[in-house]
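Quick note: this note's numbering has the sequence shown finishing at residue 89, numbered continuously throughout.
Glycine included, each C-beta is placed from N, C-alpha and C at the ideal position.
Keep in mind the model is a prediction, meaning the values are calculated, not measured.
Contents: one structure, followed by commentary.
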Amino acid sequence: MAPGWEIGWRISDKFWNKGYATEAAMACIKYAQEKKLCNRLYSFTAVPNIASENVMKRIGMSFEGLFMLPALAEGHWLKEHKLYSLDL
């Protein structure tokens with residue numbers, strides 16, 4: 002069993018606000034639990050991405066903290082990220 006896996010989503014804007022990301026994430030969580038694939042799931046998003054953060058909250062994830070994405074230059078509007086996790 003792996004100690005942790007990342008879960009994420011990318012949805013075309015024409016499908017936003019329809020619950021698809023939440024539904025898909027919940028199905029992935031159920032699958033990971035049933036197959037005993039890992040002990041914990043992680044997800045992260047840029048601070049401005051409130052919609053993605055809301056999905057993390059809806060699927061029961063807990064805020065772990067902030068981190069800076071090293072690939073982006075200082076001052077870039079997407080540099081700061083929020084990390085969430087869920088124990089399975």
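Residue i by DSSP, collapsed to three states: which one?
i: E7; result: strand
For residue i, which beta-bridge partners are listed by DSSP?
i: G66; result: L84
The beta strand (DSSP E) with residue i in it runs from where to where?
i: A47; result: 41 to 47
Sort the options by Cα distance to residue i and report the nearest one.
i: L67; options: L84, P49, S44; result: L84
i: I12; options: M2, E24, G5, A3; result: E24
i: Y32; options: L79, I8, F64; result: I8
i: D14; options: W78, A47, A52, P4; result: A52
i: M57; options: L70, M69, L42; result: L42
i: W18; options: G5, N40, N55; result: Note that residue 18 is Asn in the sequence shown, not Trp. Checked all of G5, N40, N55; the closest Cα to N18 is N55.
i: R59; options: A26, W6, M2; result: A26
Locate the alpha helix (DSSP H) running through residue i, then write down its first and last residues.
i: A25; result: 21 to 36
i: E54; result: 51 to 59
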